[in-house]
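Take a look at the structure below.
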Amino acid sequence: MPPHRRAGLRRGIYRIRGEGMSMNGLARTAFAVVALAVFLLGCGGGAENTPAIPAPLPTVATARETPALPPAATPISATPAATEAAAKLPATTLTPTAPMALPATAAPRETSVPTPTAAPAPSIAPTAMAAATMSPAPTAAPVSAAAPAGAAGPPGADGAIGAAGSDGAPMPTLAIAEESVSEAGVDSAPAMAGEDAPYRPVSLSAGEVDDNRQWEKYLEYLAEYQGPPAHEVDVSERYIITVRGSDGRPLPNALVRVSYGEDTLFEGLTYVNGQTLFFPRALQETGSAESFRVSAEKDGVSLSLDFPRGAETDWELTLDATASYDGDVPLDVLFLLDSTGSMADEIDRIKDTLLSISARISDLPSQPDLRLGMVSYRDRGDEYVTRVFDFDADAGRFSDTIRSVQADGGGDEPESLNEALHVALNEPDWRTGDAIRLVFLLADAPPHLDYPQDYDYAEEMVEARKRGIKIFSVASSGLNQQGEYIFRQIAQHTMGRFIFILYESSGGGVGTPHDVGEYTIERLDSLIVRLVEEELAALNE
Numbered sequence: 191m192p193p194h195r196r197a198g199l200r201r202g203i204y205r206i207r208g209e210g211m212s213m214n215g216l217a218r219t220a221f222a223v224v225a226l227a228v229f230l231l232g233c234g235g236g237a238e239n240t241p242a243i244p245a246p247l248p249t250v251a252t253a254r255e256t257p258a259l260p261p262a263a264t265p266i267s268a269t270p271a272a273t274e275a276a277a278k279l280p281a282t283t284l285t286p287t288a289p290m291a292l293p294a295t296a297a298p299r300e301t302s303v304p305t306p307t308a309a310p311a312p313s314i315a316p317t318a319m320a321a322a323t324m325s326p327a328p329t330a331a332p333v334s335a336a337a338p339a340g341a342a343g344p345p346g347a348d349g350a351i352g353a354a355g356s357d358g359a360p361m362p363t364l365a366i367a368e369e370s371v372s373e374a375g376v377d378s379a380p381a382m383a384g385e386d387a388p389y390r391p392v393s394l395s396a397g398e399v400d401d402n403r404q405w406e407k408y409l410e411y412l413a414e415y416q417g418p419p420a421h422e423v424d425v426s427e428r429y430i431i432t433v434r435g436s437d438g439r440p441l442p443n444a445l446v447r448v449s450y451g452e453d454t455l456f457e458g459l460t461y462v463n464g465q466t467l468f469f470p471r472a473l474q475e476t477g478s479a480e481s482f483r484v485s486a487e488k489d490g491v492s493l494s495l496d497f498p499r500g501a502e503t504d505w506e507l508t509l510d511a512t513a514s515y516d517g518d519v520p521l522d523v524l525f526l527l528d529s530t531g532s533m534a535d536e537i538d539r540i541k542d543t544l545l546s547i548s549a550r551i552s553d554l555p556s557q558p559d560l561r562l563g564m565v566s567y568r569d570r571g572d573e574y575v576t577r578v579f580d581f582d583a584d585a586g587r588f589s590d591t592i593r594s595v596q597a598d599g600g601g602d603e604p605e606s607l608n609e610a611l612h613v614a615l616n617e618p619d620w621r622t623g624d625a626i627r628l629v630f631l632l633a634d635a636p637p638h639l640d641y642p643q644d645y646d647y648a649e650e651m652v653e654a655r656k657r658g659i660k661i662f663s664v665a666s667s668g669l670n671q672q673g674e675y676i677f678r679q680i681a682q683h684t685m686g687r688f689i690f691i692l693y694e695s696s697g698g699g700v701g702t703p704h705d706v707g708e709y710t711i712e713r714l715d716s717l718i719v720r721l722v723e724e725e726l727a728a729l730n731e
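Here it is, written out as structure tokens:
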């Protein structure tokens with residue numbers, strides 16, 4: 191405070207003291223205090239105490255959202271409507287009910303409401319699924335097995351090690367494979383459905399089970415399923431039909447017919463391992479049959495044999511023919527991708543995985559005649575239901591297709607997977623003849639089972655088996671118990687595998703909430719490339 195103000199303050203104090211000596215009572219003292227306060231307020235306005243005028247705040251521009259225009263309404267019809275496909279904004283068409291050859295272009299086509307088909311009544315429901323809590327080994331040195339956190343394995347064990355959960359039920363077990371833990375670290379993700387502890391994707395590591403190989407365990411899983419409805423298909427009576435050539439090697443794409451009396455019960459192509467499946471109890475016409483006639487045909491050579499029902503479950507036919515390929519093996523790989531909003535937390539990692547897969551398959555030593563395609567799908571009421579990117583031999587162009595996918599839409603948990611499966615089987619230009627045909631379904635939700643005028647996944651998986659198209663189902667984060675049941679149905683019926691992305695729990699273990707037993711941890715891209723390599727290697731078995 192400046193000296194002249196300090197002097198004034200002293201004078202005021204002295205004056206108040208004098209007045210206090212000459213005035214009587216508390217009223218005079220109070221008056222002096224008020225006077226002093228007024229004086230102090232008047233003295234406190236010096237330059238050193240003057241508050242600075244605040245600087246004006248910067249102006250923030252508010253972005254304006256421009257909603258996308260809704261697609262033009264298309265009348266529902268059993269006949270597909272022909273529309274043009276623009277270079278960047280695909281046209282909207284109806285879902286065709288028959289295969290349709292497409293031009294070689296990366297421009298997608300969209301579909302809307304499908305033709306109605308009869309769907310079986312939903313039934314059955316799931317058991318509680320144990321979440322695995324497992325500690326993977328470091329990537330520097332692959333190990334043969336790992337135990338769940340806190341569990342000790344038996345001495346000398348070199349297989350997968352299991353441990354009992356708190357309720358006495360066995361936990362899923364695993365073996366650690368090379369590249370089992372990603373170097374990219376762990377990213378956050380929402381909690382898995384039905385789990386108390388959140389799971390986080392391990393960029394992206396996965397496991398897989400072959401339910402056709404672990405058949406008894408799979409039948410137990412089906413028998414104990416008690417939860418959300420699914421379409422029940424009785425596969426409890428299964429026959430594996432194998433067709434071999436005169437050289438003992440499997441004959442892929444041989445036409446197999448199974449008949450009873452005058453009725454043809456099943457007709458379909460063998461997969462690359464020369465095999466297909468037959469499920470009599472899934473067909474009403476086989477109730478009283480005691481034997482079946484099985485015929486196989488390849489390159490004009492055919493053979494028919496009678497097999498008694500129930501005696502043996504492996505039926506084999508040998509034709510006087512051999513598998514031959516003029517040039518590289520034709521390989522069609524289609525990715526069926528859920529692109530709804532619930533996939534947003536993983537869509538970028540999945541796109542990176544698909545880019546890696548396409549590049550690595552293109553560089554396989556066997557050099558297959560590779561074509562890659564994709565069908566992305568959402569749900570009714572979204573911008574599109576299905577968007578088709580037909581097969582393309584140009585891996586670079588297909589990479590651009592993958593990068594263009596964005597996650598949006600959805601809302602409720604189920605999606606239009608029924609329609610997406612139908613479109614994936616019928617709209618892309620699948621090669622016939624001696625080709626390998628694979629679908630990798632990547633999704634985090636089951637299909638809608640309540641839509642009117644919808645296709646039926648149970649019928650579509652039978653259609654895929656008839657045409658020799660193998661489906662590998664990949665469960666992304668949050669796939670519920672109903673979704674697992676349906677995904678495993680689809681994979682088992684088409685001789686594929688059930689694949690599941692692994693997550694790290696809050697306790698630090700790596701595992702899955704799905705009801706699986708023993709499995710191996712791999713990077714998702716490495717796992718899928720390995721499965722493709724196995725398909726190619728089966729030609730030489």
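Heads up, the sequence shown is in my numbering, so the first residue is 191 and it goes up one at a time.
A virtual CB, placed ideally from N, CA and C, is assigned to each residue, including glycine.
**Message:** Taking 8 Å as the threshold (C-beta atoms), are residue 498 and residue 487 in contact?
**Reply:** By 1-based counting over the sequence shown, the position of residue 487 is 297. By 1-based counting over the sequence shown, the position of residue 498 is 308. Cβ atoms of residue 487 and residue 498: not closer than 8 Å.
**Prompt:** Under the rule that 16 or more other beta-carbon atoms within 10 Å means buried, what is residue 354, buried or exposed?
**Reply:** In the sequence shown, counting from the first residue as 1, residue 354 sits at position 164. Any reading at residue 354 is ruled out, since the residue's pLDDT is 35, under 50, leaving its predicted position unreliable.
**Prompt:** Between 482, 510, 475 and 572, which lies nearest to residue 530 when the distance is taken from Cα to Cα?
**Reply:** In the sequence shown, residue 530 corresponds to position 340, counting from 1. If we check each option's Cα against that of residue 530, 572 comes out closest.
**Simplified DSSP state of residue 651, which is helix, strand or coil** = Here residue 651 is taken as the residue at index 461 of the sequence shown, counted from 1. Residue 651: helix per DSSP, three-state reduction.
**Item:** DSSP three-state assignment for residue 663, whether helix, strand or coil
**Value:** Here residue 663 refers to the residue found at position 473 of the sequence shown. It is a strand residue.
**Message:** If you follow the beta strand (DSSP E) that residue 710 is in, where does it begin and where does it stop?
**Reply:** As a first step, residue 710 must be located in the sequence shown, where it is residue number 520. First-last of the beta strand (DSSP E) with residue 710: 708-713.
**Request:** Leaving out five residues on either side along the sequence, give the residues of the same chain with a beta carbon under 7 Å from the beta carbon of residue 396.
**Result:** Start at 1 with the first residue of the sequence shown, and residue 396 comes out as number 206. The beta carbon of residue 396 is closer than 7 Å to those of 689, 690, 691, 692, 712, 714 and 717 in its chain, skipping five residues each way along the sequence.
**Asked** In whole angstroms, what separates the C-alpha of residue 647 from that of residue 681?
**Response** Residue numbering aside, residue 647 sits at position 457 when the sequence shown is read from its first letter. Residue numbering aside, residue 681 sits at position 491 when the sequence shown is read from its first letter. Their backbone Cα atoms lie some 12 Å apart in a straight line.
**Message:** DSSP three-state label for residue 808, please.
**Reply:** Here the chain has residues from 191 to 731 only, and residue 808 is not among them.
**Asked** Smallest Cα separation from residue 552: which of 576, 467 and 589?
**Response** Position 362 of the sequence shown, counted from the first residue, corresponds to residue 552. It is 589.
**Asked** beta strand (DSSP E) containing residue 481: first to last residue?
**Response** Working through the sequence shown from its first residue, we reach residue 481 at position 291. Run containing residue 481: 481-488, per the beta strand (DSSP E) assignment.
**Message:** For residue 508, list the residues DSSP reports as bridge partners.
**Reply:** Here residue 508 refers to the residue found at position 318 of the sequence shown. Partner(s): 434.
**Message:** Let's test the definition: count the other Cβ atoms within 10 Å of the Cβ of residue 463 and tell me whether it reaches 16, buried, or not, exposed.
**Reply:** Within the sequence shown, numbered from 1, the residue matching residue 463 stands at position 273. By the neighbour-count rule (16 or more Cβ atoms within 10 Å), residue 463 is buried.
**Cα-Cα separation between residue 430 and residue 468, rounded to whole angstroms** = Indexing the sequence shown from 1 puts residue 430 at position 240. Indexing the sequence shown from 1 puts residue 468 at position 278. Using only the alpha carbons, I get a separation of about 7 Å.
**Asked** If you draw a straight line from the alpha carbon of residue 659 to that of residue 587, how long is it in whole angstroms?
**Response** The sequence position of residue 659 within the sequence shown is 469, counting from 1. The sequence position of residue 587 within the sequence shown is 397, counting from 1. Approximately 24 Å between the Cα atoms of the pair.
**Asked** Which residues mark the beginning and the end of the beta strand (DSSP E) in which residue 613 is found?
**Response** Taking the first residue of the sequence shown as 1, we reach residue 613 at position 423. Taken as a continuous stretch (DSSP letters only), residue 613 belongs to no beta strand (DSSP E), being part of the alpha helix (DSSP H) at 607-616.
**Prompt:** Are there 16 or more other CB atoms within 10 angstroms of the CB of residue 526, so buried, or fewer, so exposed?
**Reply:** Residue numbering aside, residue 526 sits at position 336 when the sequence shown is read from its first letter. It counts as buried.
**Message:** Given the structure, does residue 491 come close to the ligand HEM, in the sense that its CB is under 7 Å from one of the ligand's heavy atoms?
**Reply:** By its list of ligands, the structure shown contains no ligand whatsoever, and the ligand HEM lies outside what it can speak to.
**Asked** With burial defined as no fewer than 16 other Cβ atoms inside 10 Å of the residue's Cβ, what is the status of residue 403: buried or exposed?
**Response** Taking the sequence shown and counting its residues from 1, the one referred to as residue 403 is at position 213. With fewer than 16 Cβ atoms within 10 Å of its Cβ, residue 403 is classed as exposed.
**Message:** What does the Cβ neighbour count give for residue 555, buried or exposed, with the cut at 16 atoms within 10 Å?
**Reply:** Along the sequence shown, read from residue 1 onward, the residue named residue 555 stands at position 365. Counting Cβ neighbours within 10 Å, residue 555 comes out exposed, since fewer than 16 surround it.
**Asked** In terms of residue numbering, what span does the beta strand (DSSP E) encompassing residue 542 cover?
**Response** The residue given as residue 542 occupies position 352 in the sequence shown. That residue, residue 542, is in no beta strand (DSSP E); its alpha helix (DSSP H) goes 537-552.
**Asked** What first and last residue would you give for the beta strand (DSSP E) that runs through residue 454?
**Response** Reading the sequence shown from its first residue, position 264 is the one you call residue 454. 453-459 is the extent of the beta strand (DSSP E) around residue 454.
**Request:** Can you tell me which of the three DSSP states residue 498 falls into?
**Result:** Here residue 498 is taken as the residue at index 308 of the sequence shown, counted from 1. Note: residue 498 maps to strand in three-state DSSP.
**Sub-8 Å separation of residue 565 and residue 609 beta-carbons** = Within the sequence shown, the letter at position 375 stands for residue 565. Within the sequence shown, the letter at position 419 stands for residue 609. It is not a contact, given that the beta carbons lie outside the stated cut-off.
**Request:** Return the residue from the list 426, 515 and 475 that minimises the CA-CA distance to residue 452.
**Result:** Within the sequence shown, the letter at position 262 stands for residue 452. It is 475 whose Cα lies nearest to the Cα of residue 452.
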